[in-house]
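Step one of this worksheet: look at the structure below.
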Amino acid sequence: MSRAHGTLVVLLAVALAACASVLGFKRAEDRSRPFEHRAHVLKGIACTQCHEKIRTSTRESALDLPNTARCVSCHEKPHDTHECSTCHGESSAREEAELVHAQLRFDHGSHQRATGGDCARCHQGVANDATARLLPKMATCFGCHKHRDEWDVRKCDGCHVNVSAEEVTPDSHVVHDGDFIREHGVRAASNRDLCASCHDDRSCAKCHGVTVPALPWKLAVGDAPRTTGVHLSGFRSRHPLEARAQPGLCNTCHAEQFCVECHTQLGVSATAQNARSPHPAGWISATGGAHATEARTDPMSCAGCHGGGGEQLCVGCHKVGGPGGSPHGLGFTSSKDKVREMPCRLCHGASR
Amino acid sequence: MLAALCVAVSPARADPPNEARATALLDTGSRSGSVVVEGSAANGPMSGEALVWTGATQTTPLTANALTFAIAMHDARGLADVRLGRFVFTSGAIRPVQIDGASVLVRAPSGTKVEAVAGAPVVLSGGVQDFDWLAGGRVSQTIASRVIVGLSYVQRRSGGDLADEEVGTDLSATPARWLDLAGRASYDLTAPGISEALASAAVRAGDFRVELFAIDRSPSRLLPQTSLFSIFGDFPSQSVGGNVWWKAAPRLDVWLSGAGQSVGGVYGGNGSLRARLKLDDRGDGAVGVELRRQDVSTARWTGVRVTATRPFARTLRASTELELVVPDDPQNKGSAWPWALVSVGWRPHKTWELACAVESASTPEHTFEFNALARLSLFWEKK
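Those protein sequences? They're chains F and U, same order as listed.
Sequence positions in the first sequence follow the working numbering and run 1 to 352.
Sequence positions in the second sequence follow the working numbering and run 1001 to 1383.
Given below as C-alpha cells:
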C-alpha cells in the first residue's frame, strides 16, 4: 500500500468515526449503560434485595431506586469512587421512572402481594435482555385488569393522573412526523376520543377555525422549526402552486371567502377598487379560454376572490341564454329547486 | 371573559392543571400586531377552554374573534359529554365545522357511541346570517377494541337555502400491532356524488414505517352548495402514493414520499425526500433538509428547505430556516423565490418567553422583502 493510500484510509476511518458519532452511534465504553438487571437475576438475587422497600411501597412512597451505599453492601470493592449510577443505569430510565411515578395512580406494594412477589410477571424485560425497556406496556396491565368498559368510554383517570402531561405517545403517533396534514384527518375521523386524550378542541380550532390570527409558524417563531405541515417557511410565495396541486385541500380548513381580504389589499380581488387582473393571457376567449378548465379543477380559487358579490361577473355570461353557455359538467345533477334556491336562481331564476 | 371562565371552573384538586397562555406578536411585514389568549380549566365534571385573538393591521381596524370558547360537562363514568359554546365539530368522515351551538355525546360500555350536534356555523364576517344553522350526528361502534366503524350525517342551511347535505362513513382498524388501517368517505346528497374519500394503510416494523394512501376529492362538492362555484359537477382530483419513514441511525430520521396525481384529468405527481439529524440524544438541537418536486397541471416547481436549531445554555435557542423555490413557469414573477429566517428564543423563566426573528425573501409580489417579528409569551399554570 502506497503512502497516499495509507493516508486516505486513515482519513476515511477518521471521517467514518466522526460520522458515527454525529449519527448517534457510540462505543459501549463511552456511555452509561442500562442497569445489569439480567446479570443480577441470573445470580439468583431477588429484586427486593436491592429494591428493599418495594413490598410496602404505596402511591405516596418515594421511588425505590438503590443508591451507591446499597450497591457496595455487596460489591465491597467498587472499581472507582464515582456514584454507581453515573455509569450503571441510564439517566433516561430514571427520568422515565420518575415521570411514571408522578403520573400513574399505582403502588408496587399491592401488586407485590397480588403477584406473589414475581416482579418479572410485569417487568418482563428484566430476565431477557439488559437493554430491554423495563416499563411494562399498557397491554401487560390489561392482562390482569379488565378495563374494557373504561377503555371504550376513554375514562383514563382511574390510572392516569393526566394523560397529556405524561407526554407518552402511542406507537401510531409517528404519523405526526410523517405527512401530518394528509394523514391526521383520516386517522382522527374514527378515533377522535383517542386524539382527545391529549389534544383539546383548541388544537383543532387553530387550523379549522374560520379565522386564524397569523400563519402558524409566525406564532411559533423562536421555537424549533417544524418538520412537517402545510404552511412552512415561504408558504406565502408558494400558496398558489400548493392550492393548484391539490384542489379542494384548502377548503378542508378555510372558508370559501378566506382569501378575499389579503387579495383585496393586494388589489387582485374582484371586489377591490381599480383591481388588476392576476389572470394570464388567454384566460377568457371567444371559445372559452383557460378559465373554464381552471374553474372546474379548482373552484375554491375562483370563490376565494369572486365569491359573494363577485359572482355577478360569471353570471353575466353564463346565465341561461347568455353567451357563456352552460358551465355544468357532463352528468351534473342537483336536488335543488333551480328557480328558488341559491345558487341556481342566479342564472335560472324567474326574473331571468 | 377568559378569566371569568377560569374562575367559574376553578379546580378543587390538583389534576388536571389549569393553564393559560397569552402571546403578543408584532410583524413589520404585514404591519400588524396581534394578541392570542388561550386557556383551559377543569373542576370535577366540568371543564372549559378558550382561544381568542385580537389584532389589527395598518389598513384594517382592530378585529377580534374567538376560535374556541366552550364549556363541557362530563358524566363521572365517562358515559356522556355535553359541550356548549363555540367549538369545532368533527363528524367522522365529514369535514370539521366551527359552530356556535351544542353537542351531546353518549358512550355505551358496549362500544357504541352516539353524537348529535346543532348550532349556527361561524361565518367570516363574525356574525351569523339569517337562517344559518347546522345539524348532524354520528353513530359509531367499536368491535373487539380493534375496529371502529362510524356513520355520519350533516345538513347545513345558509340564508334558508340548503348549503350542504352529506352522509359519510369512516373506519379505523388495527388488525395486528404492526398494521394500521383507516378510511373515510363522504357523499354529497345535494349534487349526488362522492365529495371526498381517503384511505390509508400503514405497516410498522422496527426502524421502518411504510404507508400507502389513496385520495379522491371533488372540489366543487367541498364548497357550500350555495356557492356559484359548486355547480361545475364532478371534476375530481385523485392521488395514490406512499411514504416511508426510516430511522437510519440513532439520531437520523429519513422520510421519502411520492404520489401519482390526476387533477381534472391531467396526470402528474409529486415527491419529497426529508431528513432530520438530531444534534444530541434528546433532539433539542437538530438540522434538517427537505427536497420537493411538484409536477401536475399548472403546479410545477422544485424546492429545497434547510432548517437548523440549537439551544444555547438552558434558556436560549437559536434557529434558522432557508428555502428556495424554483417554479417551472414563473410568469414574470421572478425565476426563484428564496426565503430565509433567523430567530432567537429566550425563556429565562417558566412564566415568560421572548422571541425575535428577521425574515427576508424575494416573492412573486416583491423583489425584496425584509421583515422583523417579535413575540412575547406569558404562561400560567395552576396545579
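Glycine residues also receive a C-beta, built at the ideal position from the N, C-alpha and C atoms.
Taking one C-beta from the stretch 1108 to 1119 of chain U and one from the stretch 1133 to 1150 of chain U each time, how about it: are there three or more such pairs within less than 8 Å? Pairwise C-beta distances place the stretch 1108 to 1119 of chain U in contact with the stretch 1133 to 1150 of chain U, as three or more of them are shorter than 8 Å.
Where do the ends of the beta strand (DSSP E) carrying F:C195 lie? To locate residue 195 of chain F, count along the first sequence from 1; it is residue 195. F:C195 -> not in any beta strand (DSSP E); alpha helix (DSSP H) instead, spanning 192 to 196.
Residue nearest to F:G89 in terms of C-alpha spacing, selected from F:G209, F:G316, F:P66: Taking the first residue of the first sequence as 1, we reach residue 89 of chain F at position 89. Checking every option, the nearest Cα to that of F:G89 belongs to F:P66.
Cα separation between U:I1071 and F:A102? Position 71 of the second sequence, counting from 1, holds the residue named residue 1071 of chain U. Position 102 of the first sequence, counting from 1, holds the residue named residue 102 of chain F. Each residue's Cα considered, the two are about 28 Å apart.
Can the beta-carbon of U:A1357 be found less than 8 Å from the beta-carbon of F:G222? Mapped onto the second sequence, residue 1357 of chain U falls at position 357. Mapped onto the first sequence, residue 222 of chain F falls at position 222. Between U:A1357 and F:G222, the C-beta gap is smaller than 8 Å, which places the two residues in contact.
Find the nearest neighbour of F:A120 within the set F:C71, F:T48, F:A97, judged by alpha-carbon distance. Along the first sequence, one-based indexing puts residue 120 of chain F at 120. Taking only the C-alpha atoms, the option nearest F:A120 is F:T48.
Kindly indicate which residue of F:E83, F:C141, F:G307, F:H79 has the alpha-carbon position closest to the one of F:H108. Here residue 108 of chain F refers to the residue found at position 108 when the first sequence is read from its first residue. When each option's Cα is compared against that of F:H108, the closest is F:C141.
With a Cβ-Cβ cutoff of 8 Å, do U:S1030 and U:A1056 count as a contact? As a first step, residue 1030 of chain U is located in the second sequence; it is residue number 30 there, counting from the start. As a first step, residue 1056 of chain U is located in the second sequence; it is residue number 56 there, counting from the start. Contact: no.
Grab me the residues of U:L1005's own chain with a C-beta within less than 6 Å of its C-beta, minus the 5 sequence neighbours each way, in chain order. For the purposes of this step, residue 1005 of chain U is taken as the residue at position 5 of the second sequence. Note that U:L1005 scores 44 on pLDDT, short of 50, meaning its location in the model is unreliable; the coordinates nonetheless yield the value given after this. Hits under 6 Å: G1048, A1050.
Check the DSSP bridge columns for U:I1071 and list the partner residues they point to. Along the second sequence, read from residue 1 onward, the residue named residue 1071 of chain U stands at position 71. Within the DSSP secondary-structure output, U:I1071 pairs in a beta bridge with U:G1048, U:L1084.
Could you pull out every residue in the same chain whose Cβ sits closer than 6 Å to the Cβ of U:S1389, ignoring the five residues on either side in sequence? Given that chain U is displayed from residue 1001 to residue 1383, the structure contains no residue 1389 of chain U and the question cannot be resolved.
Could you have a look at U:A1008 and say whether DSSP puts it in helix, strand or coil? Start at 1 with the first residue of the second sequence, and residue 1008 of chain U comes out as number 8. With a pLDDT of only 44 at U:A1008, under the threshold of 50, the placement of this residue in the model should not be trusted, and no figure is reported.
Quick one: list the residues of chain U neighbouring F:W151, beta-carbon separation under 8 Å, in chain order. Mapped onto the first sequence, residue 151 of chain F falls at position 151. Neighbours of F:W151 in chain U, taken as residues at a C-beta separation under 8 Å, are given in chain order as S1145.
Applying a beta-carbon distance threshold of less than 8 Å, which residues of chain U neighbour F:H328? For the purposes of this step, residue 328 of chain F is taken as residue 328 along the first sequence, with counting starting at 1. F:H328 reaches chain U at I1231, F1232, G1233, counting residues in chain order whose Cβ is nearer than 8 Å.
Does any CB atom of chain F fall closer than 8 Å to the CB of U:T1307? Numbered from its first residue, the second sequence carries residue 1307 of chain U at position 307. With 8 Å as the cut-off, U:T1307 counts as an interface residue toward chain F.
At a Cβ threshold of 8 Å, is U:W1380 touching chain F? By one-based count along the second sequence, residue 1380 of chain U stands at place 380. Output row for U:W1380: interface = no.
Does F:H388 have its Cβ less than 8 Å from a Cβ in chain U? Look at the range of chain F in this structure, 1 to 352, and you will see that residue 388 of chain F is not part of it.
For U:A1056, the residue or residues it bridges with in DSSP: Position 56 of the second sequence holds residue 1056 of chain U. Bridge partners of U:A1056: U:G1033.
What does the alpha-carbon distance come out to for the pair U:W1380 and F:G316? The residue given as residue 1380 of chain U occupies position 380 in the second sequence. The residue given as residue 316 of chain F occupies position 316 in the first sequence. Roughly 56 Å between the two C-alpha positions.
Mind listing the chain F neighbours of U:T1059? Cutoff is C-beta to C-beta under 8 Å, in chain order. In the second sequence, residue 1059 of chain U corresponds to position 59, counting from 1. Ordered by position in chain F, the residues that pass the 8 Å Cβ test against U:T1059 are Q265.
Quick check: is the beta carbon of U:D1100 nearer than 8 Å to any beta carbon in chain F? For the purposes of this step, residue 1100 of chain U is taken as residue 100 along the second sequence, with counting starting at 1. No, U:D1100 lies away from the interface with chain F (no Cβ there is under 8 Å from its Cβ).
Can you give, in chain order, each stretch of the alpha helix (DSSP H) that sits fully within the stretch 3 to 79 of chain F and has at least 4 residues? DSSP runs (the alpha helix (DSSP H)) wholly in the stretch 3 to 79 of chain F: 3 to 22, 37 to 42, 47 to 50, 68 to 72.
Quick check on the DSSP output: the beta strand (DSSP E) that includes U:P1327 runs from which residue to which? Position 327 of the second sequence, counted from the start, is the residue given in the question as residue 1327 of chain U. According to the DSSP assignment, U:P1327 belongs to the beta strand (DSSP E) that extends over 1316 to 1327.
Where do the ends of the alpha helix (DSSP H) carrying F:R187 lie? Indexing the first sequence from 1 puts residue 187 of chain F at position 187. Start and end: 180 to 188.
DSSP state of F:W217 mapped onto helix, strand, coil: Taking the first residue of the first sequence as 1, we reach residue 217 of chain F at position 217. Assignment of F:W217 by DSSP, reduced to helix, strand and coil, places it in the helix class.
I want to know whether the stretch 111 to 119 of chain F touches the stretch 43 to 63 of chain F - three or more CB-CB distances under 8 Å. The stretch 111 to 119 of chain F vs the stretch 43 to 63 of chain F: in contact.
Residue span of the beta strand (DSSP E) that contains U:K1113, given as start and end: In the second sequence, counting from the first residue as 1, residue 1113 of chain U sits at position 113. Looking at the DSSP string, the run of the beta strand (DSSP E) that includes U:K1113 is 1112 to 1121.
Pairwise C-alpha distance: F:V210 and F:R244: On the first sequence, position 244 is the one that residue 244 of chain F refers to. On the first sequence, position 210 is the one that residue 210 of chain F refers to. Taking the straight line joining both Cα atoms gives about 21 Å.
So, does the CB of F:S334 fall closer than 8 Å to a CB anywhere in chain U? In the first sequence, counting from the first residue as 1, residue 334 of chain F sits at position 334. Cβ-Cβ to chain U under 8 Å: yes for F:S334.
Name, please, each residue of chain U whose Cβ falls closer than 8 Å to the Cβ of F:R187. Taking the first residue of the first sequence as position 1, residue 187 of chain F is located at position 187. Neighbours of F:R187 on chain U, chain order: S1172, D1180, A1182, S1200.
Nearest residue (CA-CA) to U:V1052, options U:E1323, U:A1163, U:R1021: Looking up residue 1052 of chain U in the second sequence gives position 52. Cα-wise, what sits closest to U:V1052 is U:R1021.
Quick one: give me the first and last residue of the alpha helix (DSSP H) that F:K206 is part of. As a working note, residue 206 of chain F is residue 206 in the first sequence. Here the alpha helix (DSSP H) through F:K206 covers 201 to 208.
Going straight from the alpha carbon of U:G1183 to that of F:L16, what length do you get? Counting from one through the second sequence, the residue named residue 1183 of chain U turns up at place 183. Counting from one through the first sequence, the residue named residue 16 of chain F turns up at place 16. Each residue's Cα considered, the two are about 44 Å apart.
Limits of the unbroken alpha helix (DSSP H) element including U:A943: Here chain U has residues from 1001 to 1383 only, and residue 943 of chain U is not among them.
Under 7 Å by beta carbon: chain F residues contacting U:T1068: By 1-based counting over the second sequence, the position of residue 1068 of chain U is 68. Neighbours of U:T1068 on chain F, chain order: D201, R202, A205.
Assess contact between the stretch 1331 to 1343 of chain U and the stretch 1353 to 1368 of chain U, defined as three or more Cβ pairs (one per stretch) separated by less than 8 Å. Is contact present? In short, these stretches touch, since the Cβ pair count reaches three.
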